[in-house]
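Start counting the sequence shown at 4; every next residue gets the next number (this note's numbering). For glycine and all other residues, C-beta sits at the position ideal for the given N, C-alpha and C. Given the structure is predicted, the values throughout are model-derived calculations rather than measurements. Below is one structure, written out as structure tokens, with a few remarks after it.
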Amino acid sequence: MAFNIYTVKHPLVLNWTSTLNNLDIESQSIKNEIRHKIGISLVYEAMRKAIKIQNLYIKNLDYIHDIHFVCNSPINIICPDFNLYQLFKHHLEYFIPNVLIYPIILCSDQQIIDMTSPHIKKNYENINKNLLILEEYLEAKKITTILNYISKKHKDTKNIQICATITSAKEIQKLSKIYPQLHIYTTKLINDN
């Protein structure tokens, strides 16, 4: 399987990314709001194929009432940045049914310290079915550490998608040498070769 990079070109996402990168925004709440919008858009793009809609039609005498249900297998999101985890946890659980968000805590030498909760350990066997790693800046070393940790447990990293607001070509090259089958969704690709 080839290494795939998807750049989200929606006008709103491009505007939000440009605002975040080019304007001198001092308010942390405004920055968080923009990060939140970008993150939701990236998660939507990455998980669009995994979310299934079931239609239910109820026939009355004079009309048909249609109801749409989201029925998908669990979507697992790993968030190695605790600030992003706090920003997205409740909103993603509200918008996407059957989503599980896992914070991963890394120490300074990029070793995984903790998966932080018994809930995570209990559901860990299902983590590789629809797995998404959510980052603001793609760092190959951090992603490799997480993927190595997951592959020790599951041996399968084919269904993993990475969402990063900003991605550099150098980091992608480093990552593609180790894990060539990944799918990366980004809003901005920096050519720093």
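Check whether the Cβ atoms of residue i and residue j sit closer than 7 Å, and answer yes or no.
{"i": "residue 79", "j": "residue 54", "result": "no"}
{"i": "residue 164", "j": "residue 135", "result": "yes"}
{"i": "residue 184", "j": "residue 161", "result": "yes"}
{"i": "residue 106", "j": "residue 145", "result": "no"}
{"i": "residue 81", "j": "residue 71", "result": "no"}
Is residue i helix, strand or coil by DSSP?
{"i": "residue 120", "result": "Its pLDDT being 45, under 50, residue 120 is placed unreliably in this model, and the value from its coordinates should be taken loosely. In the structure shown, residue 120 sits in coil (DSSP, three-state: anything other than H, G, I, E or B)."}
{"i": "residue 29", "result": "coil"}
{"i": "residue 135", "result": "strand"}
{"i": "residue 64", "result": "coil"}
{"i": "residue 177", "result": "helix"}
{"i": "residue 91", "result": "helix"}
{"i": "residue 154", "result": "helix"}
{"i": "residue 13", "result": "coil"}
{"i": "residue 43", "result": "helix"}
{"i": "residue 18", "result": "helix"}
{"i": "residue 194", "result": "coil"}
{"i": "residue 6", "result": "coil"}
{"i": "residue 167", "result": "strand"}
{"i": "residue 188", "result": "strand"}
{"i": "residue 58", "result": "strand"}
Short of 6 Å in beta carbon distance, which residues of its chain neighbour residue i, apart from the five on each side in sequence? Order them along the chain.
{"i": "residue 122", "result": "The predicted model places residue 122 with a pLDDT of 47, which falls under 50 and marks its position as unreliable; any figure quoted below should be read in that light. Contacts found: none."}
{"i": "residue 179", "result": "6"}
{"i": "residue 168", "result": "41, 139 and 190"}
{"i": "residue 67", "result": "60"}
{"i": "residue 8", "result": "187"}
{"i": "residue 174", "result": "141 and 143"}
{"i": "residue 48", "result": "11 and 188"}
{"i": "residue 170", "result": "141, 189 and 192"}
Assuming residue i and residue j are in contact, meaning their beta carbons sit under 8 Å apart, how far apart are those beta carbons, in whole angstroms?
{"i": "residue 166", "j": "residue 188", "result": "5 Å"}
{"i": "residue 58", "j": "residue 77", "result": "Residue 58 to residue 77, Cβ: 22 Å. No contact."}
{"i": "residue 23", "j": "residue 34", "result": "7 Å"}
{"i": "residue 177", "j": "residue 143", "result": "4 Å"}
{"i": "residue 182", "j": "residue 150", "result": "6 Å"}
{"i": "residue 95", "j": "residue 46", "result": "7 Å"}
Excluding five sequence neighbours on each side, which residues of the same chain lie with their C-beta closer than 7 Å to the C-beta of residue i?
{"i": "residue 19", "result": "37, 40 and 41"}
{"i": "residue 16", "result": "41, 44 and 190"}
{"i": "residue 30", "result": "none"}
{"i": "residue 25", "result": "none"}
I'd like the list of long-range same chain contacts for residue i, defined as Cβ closer than 8 Å, with 5 residues on each side in sequence excluded.
{"i": "residue 133", "result": "50, 53, 75, 76, 77, 78, 79 and 162"}
{"i": "residue 69", "result": "58, 59, 60 and 61"}
{"i": "residue 87", "result": "38, 42, 137, 138 and 139"}
{"i": "residue 172", "result": "192, 193, 194, 195 and 196"}
{"i": "residue 85", "result": "106 and 108"}
Quick one: is residue i near chain B, going by C-beta distance under 7 Å?
{"i": "residue 168", "result": "Among the chains of the structure shown, chain B does not appear; only one protein chain is present."}
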